[in-house]
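Peer 1:
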Amino acid sequence: MPAVIIKDLRKSYGDLKAVDGVSLEIEEKEIFGILGPNGAGKTTTMEMAETLREPDSGEIFVDGIDVLKDPGAVKEIIGVQLQTTVFFDNLKVREAMSLFSSFYPRTLDLDYLIDLVDLKEKAETMVSDLSGGQHKRLSIALALINDPRIVFLDEPTTGLDPQARRRVWEIIEQLRGKDKTVVITTHYIEEAEYLCDRVAIMDHGKIIALGTPDELIDEYVSKSVISFRINPEVDDDVVWKVTGVESGHSHGQEYELTTATPQETLIGLFAMAHEQGVKADEINMKRATLEDVFLKITGRKIKV
Amino acid sequence: MKKFYRMFVCDFKMTLREKEALFWMFAFPILMMLILGFVFGGSGSLVLEVGVVDQDGSFISKQVVKAFESIAEPTEEAGETKDAPLKVTTGDEKEELDELEDGKRNGVLVIGKGFADSIMAGREGVVTVYVDQSDVTTAEITKQTLTGMLSEISREMAKNATGAQEVPEMIKVEEKQVTGDDFDYIDFMVPGILAMTIMFAGLMGYAQEIATYREKGILRRIKVSPISLPTFLASGMTTVLILALVQSVLLLLVGVLAFGVNIGGNYFYMAIIVLIGAVSFLALGFMISSLAGTAKSATLAATAVAMPMMFLAGIFFSVDMIPKWLAVIAQCLPLYYFADALREVMIHGASLAAVWLDIVVMVAFGIVCFIISVKFFRWE
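Listed in order, the protein sequences are those of chains A and B. Per our numbering, the very first residue in the first sequence carries number 1; after that it's consecutive. Per our numbering, the very first residue in the second sequence carries number 1001; after that it's consecutive.
#1: Give me whichever residues DSSP pairs with M97(A) in a beta bridge.
#2: How many whole angstroms separate the CB atoms of I77(A) and D63(A), which I take to be in contact at a CB cut-off of 8 Å?
#3: By the 10 Å Cβ neighbour count, where 16 or more other Cβ atoms means buried, how is S1058(B) classified, buried or exposed?
#4: Using only the alpha-carbon positions, how far apart do L1203(B) and V1279(B) sit?
#5: Go through its chain and collect everything with a Cβ distance to A141(A)'s Cβ below 8 Å, but skip five positions before and after it.
#6: I want to verify the contact list: residues of chain B whose CB lies under 7 Å from the CB of G159(A), in sequence order.
#7: Measuring from the CB of E76(A), is there a heavy atom of the ligand MG at a distance below 7 Å?
#8: What in chain B is Cβ-close to G72(A), meaning under 8 Å?
#9: For a contact meaning CB atoms closer than 7 Å, what does M1014(B) contact in chain A?
#10: Buried or exposed, going by whether 16 or more other CB atoms sit within 10 Å of the CB of V1047(B)?
#11: As an exercise, report each continuous alpha helix (DSSP H) stretch of at least 4 residues that is fully enclosed by the segment 1337-1361 of chain B, in chain order.
#12: Strictly under 8 Å for the Cβ-Cβ distance: is K75(A) near chain B by that measure?
#13: I'd like the span of the alpha helix (DSSP H) that includes V239(A), first residue to last.
#14: Under 7 Å between beta-carbons, which chain B residues line up against F103(A)? List them in chain order, please.
#15: With distances taken from CA atoms, which of I1227(B), V1127(B), Q1208(B) and I1141(B) is nearest I1111(B)?
#16: Between the segment 1311-1323 of chain B and the segment 1288-1298 of chain B, can you find at least three pairs of beta-carbon atoms closer than 8 Å?
#17: Within 10 angstroms of the Cβ of G1044(B), are there 16 or more other Cβ atoms? Answer buried if so, exposed if not.
#18: Quick one: residues in its chain with C-beta nearer than 8 Å to the C-beta of D1011(B), no 5 flanking neighbours on either side, listed in chain order?
#19: If contacts are defined as beta-carbon pairs under 8 Å, then L290(A) and V182(A) qualify, I think. What distance do you get, rounded to the angstrom?
#20: Looking only at its own chain, which residues have a Cβ that is under 8 Å from the Cβ of M1001(B), when we skip the five neighbours before and after it?
#21: Is H274(A) buried or exposed, if buried means 16 or more other CB atoms sit within 10 Å of its CB?
#22: Identify the contact partners of E95(A) in chain B, using a Cβ-Cβ distance below 8 Å as the criterion.
#23: What does the alpha-carbon distance come out to for the pair L138(A) and A192(A)?
#24: With respect to the beta strand (DSSP E) encompassing R287(A), which residues constitute its N-terminal and C-terminal limits?
#25: Suppose contacts are defined by Cβ-Cβ distances below 8 Å. Is G1051(B) in contact with E1099(B) by that definition?
#26: What does L99(A) touch in chain B if you count any residue whose Cβ is under 8 Å from its own?
#27: Can a CB atom of chain A be found closer than 8 Å to the CB of R1378(B)?
#28: Return the residue from the list I60(A), S128(A) and T258(A) that minimises the CA-CA distance to I217(A).
#29: How should D1340(B) be labelled, buried or exposed, when 16 other C-beta atoms within 10 angstroms of its C-beta is the threshold for buried?
#30: At the level of alpha carbons, what is the spacing between P71(A) and T51(A)?
#31: Helix, strand or coil: which one does DSSP assign to H204(A)?
#32: Less than 8 Å between the CB atoms is what I'm expecting for W1379(B) and K1223(B), so what's the real figure, rounded?
#33: Roughly how many angstroms lie between the CA atoms of T44(A) and L1241(B), to the nearest whole one?
#34: Any idea what DSSP makes of R229(A), helix, strand or coil?
#35: Output, in chain order, the set of chain A residues within a Cβ distance shorter than 9 Å of E1018(B).
#36: State the CB to CB distance for the pair L1150(B) and I1171(B), rounded to an integer number of angstroms; the pair is presumed to be in contact (CB under 8 Å).
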């Protein structure tokens, strides 16, 4: 049985269709990502599954329990990290954890959890004195306190520096080995690719693509992205006519294009540069990413 | 129950860690009380106001009255005029006793009919001293002072009349007590300050707390946790209630130690009134937090409600002293009833039944606020 089943979920705020007919099945023990730009409806979808918001229509089952009919039972088996939770500032880390643990019938050992999220030295620190990264780690610890079967993490690394983000990723990675289903929302491509077994890409309240990152890249974009710089300027069209170029975008003299046949495209690129009497440098070739998938489908980048 | 208890313990801890909140809850009302007490209390230099009633109208009794009046005259000392520690008024018995009951006299001295005759017959002349027993300390001081002065006066008179050094007591003092229905300013102000303090804790404190929790997303976090909203709210309210009791004890202690407030009431009744008042102002605070958009606007709204109430509802001065139309408004304010109930029970020793109207108004007010709060409650 899938851990989470969502059927034709809808939620509007006035004229805005925040969630517009989302259907999803999240398998047990997978790390599932909902990727999309801000305002795509990721958080709203997740919060409806968490019992936090009432859908206008549709059905949600979490671990087989109907969320709309029995939200109380769902609350006990899920763990939730909200996007913007600031906890009671005047509590110490251990006190905050101890408080939340009293809400549940069964809980994990606090020391184990403090260790897991690497807050041992901060256990007696006031929550208000934690850094952004420590704060996020505490909120993950609180999401895990009842040893939940399903963990919802809403943008677990937003606002963190790369190093702090890494540490959060490591914690989430550890959950994979503990038989937990993890659902995260993110607008970071690397996060989705690094952590998630499967990804749903959302835009304007709809799921526009669903699959493993590899599947999605295979399905929507050619495998390679070539970026380079042309000096002096040339007409963009000349670049798009290079052999094998499938799509691309430019920013002044900088170009990024995708191709299924990178070798031919590179030869074509040099030939073009030679013909035009310009120089092509800062050449970089990389594998396509989910960003390219999003770009391919919507014509926009995820991050604005 | 476990959830409630743990939530409450944390809430209590968090409140105690809020240094600023503690100042407003404890230090501020005490400071306020001390300032008001010293400025308006006037118990620092005690001037006895005594009414003298001469029913005898004889030569001797007139001498006694004259003697008192001369004591009350300002004295000249090193070029400075000093007021005597005694003020004497004369009048008939009924007038003066009314004044005593209204708290405008500290004591009334009545020289009864036949006073001179008794003395001429070689017996003691009887003088009755009336004091207000509702203020025990002042009553005692008044009685002692008047008795002392009378014996001094009688000795002087006897000496002048007979020329002898050793004279027998000529005046016998009989003590009688009345119960005044008006009290010192301190007795008025202390229950008022207490009512104000509890109003602030419930109204301002709670409105701000809930609105802040909403703004910070803590209410949402609570919503996705298996703890019910009533449990969560009740734990915060319990903190306020317990602190209200602590505030009451502290303020009363200061009142008694610094100003000798007359606490004539039943402590259990007082606690009941304090709790009823605290709950109804918590409900008002909850209502404001439900109606206000942000923590900031909740604080502003709570202040806007609390401030006029504080000045109008008979906290610092009696409602009798403000214009009639304002007094009507004052009597629409819940704080008026709270302060009134506290004052009646605490100072005048009223029973709960005697302040039933106050209780009914507070409870009804609390229920209305609570219903509105629940109707407009928002998680975010």
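The beta-carbon is built from N, C-alpha and C at its ideal position, and this holds for glycine as well. Keep in mind the model is a prediction, meaning the values are calculated, not measured.
Peer 2: Short version:
#1: Within the first sequence, the letter at position 97 stands for residue 97(A). BP columns for M97(A) are empty, so no partner.
#2: As a first step, residue 77(A) is located in the first sequence; it is residue number 77 there, counting from the start. As a first step, residue 63(A) is located in the first sequence; it is residue number 63 there, counting from the start. Confirmed, Cβ separation roughly 6 Å.
#3: Walking along the second sequence from the start, residue 1058(B) turns up at place 58. Buried: at least 16 other Cβ atoms inside 10 Å.
#4: Locating residue 1203(B) in the second sequence gives position 203, where the first residue counts as 1. Locating residue 1279(B) in the second sequence gives position 279, where the first residue counts as 1. Using only the alpha carbons, I get a separation of about 10 Å.
#5: Within the first sequence, the letter at position 141 stands for residue 141(A). Same-chain partners within the cutoff: M97, L113, I114, L116, V117 and L119.
#6: Taking the first sequence and counting its residues from 1, the one referred to as residue 159(A) is at position 159. What G159(A) touches in chain B: nothing, since even the nearest Cβ is about 14 Å away.
#7: Questions concerning the ligand MG fall outside what the structure shown contains, since it holds no ligand whatsoever.
#8: In the first sequence, the residue the question calls residue 72(A) occupies position 72. Within 8 Å Cβ-Cβ: P1226.
#9: In the second sequence, the residue the question calls residue 1014(B) occupies position 14. Correct list: F88, N90 and L91.
#10: In the second sequence, counting from the first residue as 1, residue 1047(B) sits at position 47. When all chains shown are included, V1047(B) counts as exposed.
#11: none
#12: Taking the first residue of the first sequence as position 1, residue 75(A) is located at position 75. For K75(A), the answer is yes, since a Cβ of chain B falls inside 8 Å of its Cβ.
#13: Here residue 239(A) refers to the residue found at position 239 of the first sequence. D236 to W240 is the span of the alpha helix (DSSP H), which, as asked, contains V239(A).
#14: Residue 103(A) sits at position 103 when you count from the first residue of the first sequence. Ordered by position in chain B, the residues that pass the 7 Å Cβ test against F103(A) are K1003, S1225, P1226 and I1227.
#15: Counting from 1 along the second sequence, the entry for residue 1111(B) is found at position 111. Residue V1127(B) is the option with its Cα nearest to I1111(B).
#16: no
#17: The residue given as residue 1044(B) occupies position 44 in the second sequence. A caution first: G1044(B) carries a pLDDT of 44, below 50, which makes its placement in the model unreliable, though a value can still be read off. So G1044(B) counts as exposed.
#18: By 1-based counting over the second sequence, the position of residue 1011(B) is 11. The residues are S1235, G1236, T1238 and T1239.
#19: Here residue 290(A) is taken as the residue at index 290 of the first sequence, counted from 1. Here residue 182(A) is taken as the residue at index 182 of the first sequence, counted from 1. No, L290(A) and V182(A) are not in contact; Cβ-Cβ is about 18 Å, not under 8 Å.
#20: Numbered from 1 along the second sequence, position 1 holds the residue referred to as residue 1001(B). So the list is empty, once near-sequence residues are dropped.
#21: Along the first sequence, read from residue 1 onward, the residue named residue 274(A) stands at position 274. Exposed is the call here.
#22: Indexing the first sequence from 1 puts residue 95(A) at position 95. Going along chain B in sequence order, the residues near E95(A) (Cβ under 8 Å) are C1010 and K1013.
#23: Translated into positions along the first sequence, residue 138(A) becomes position 138. Translated into positions along the first sequence, residue 192(A) becomes position 192. Distance between the alpha carbons of L138(A) and A192(A): 21 Å.
#24: In the first sequence, residue 287(A) corresponds to position 287, counting from 1. Looking at the DSSP string, the run of the beta strand (DSSP E) that includes R287(A) is K279 to R287.
#25: On the second sequence, position 51 is the one that residue 1051(B) refers to. On the second sequence, position 99 is the one that residue 1099(B) refers to. Their beta carbons are under 8 Å apart, which means G1051(B) touches E1099(B) by this criterion.
#26: Here residue 99(A) refers to the residue found at position 99 of the first sequence. Those are R1006, M1007 and C1010, listed as they occur along chain B.
#27: In the second sequence, counting from the first residue as 1, residue 1378(B) sits at position 378. Not closer than 8 Å to any Cβ of chain A, the Cβ of R1378(B) fails to qualify, so no.
#28: Walking along the first sequence from the start, residue 217(A) turns up at place 217. When each option's Cα is compared against that of I217(A), the closest is T258(A).
#29: On the second sequence, residue 1340(B) is found 340 positions in, with the first residue counted as 1. D1340(B) comes out buried.
#30: For this step, residue 71(A) is matched to residue 71 along the first sequence. For this step, residue 51(A) is matched to residue 51 along the first sequence. Looking at the two C-alpha atoms, the distance is approximately 6 Å.
#31: For the purposes of this step, residue 204(A) is taken as residue 204 along the first sequence, with counting starting at 1. It is coil, neither helix nor strand.
#32: Taking the first residue of the second sequence as 1, we reach residue 1379(B) at position 379. Taking the first residue of the second sequence as 1, we reach residue 1223(B) at position 223. At roughly 5 Å, the Cβ-Cβ gap stays under 8 Å, so W1379(B) and K1223(B) are in contact.
#33: Here residue 44(A) refers to the residue found at position 44 of the first sequence. Here residue 1241(B) refers to the residue found at position 241 of the second sequence. Cα to Cα, the separation comes out at about 38 Å.
#34: Within the first sequence, residue 229(A) is the residue found at index 229, counting from 1. In the structure shown, R229(A) sits in a strand (DSSP, three-state: E or B).
#35: Within the second sequence, numbered from 1, the residue matching residue 1018(B) stands at position 18. N90, listed in chain order.
#36: Here residue 1150(B) refers to the residue found at position 150 of the second sequence. Here residue 1171(B) refers to the residue found at position 171 of the second sequence. Contact between L1150(B) and I1171(B) holds: their C-beta atoms lie close to 5 Å from each other, under 8 Å.
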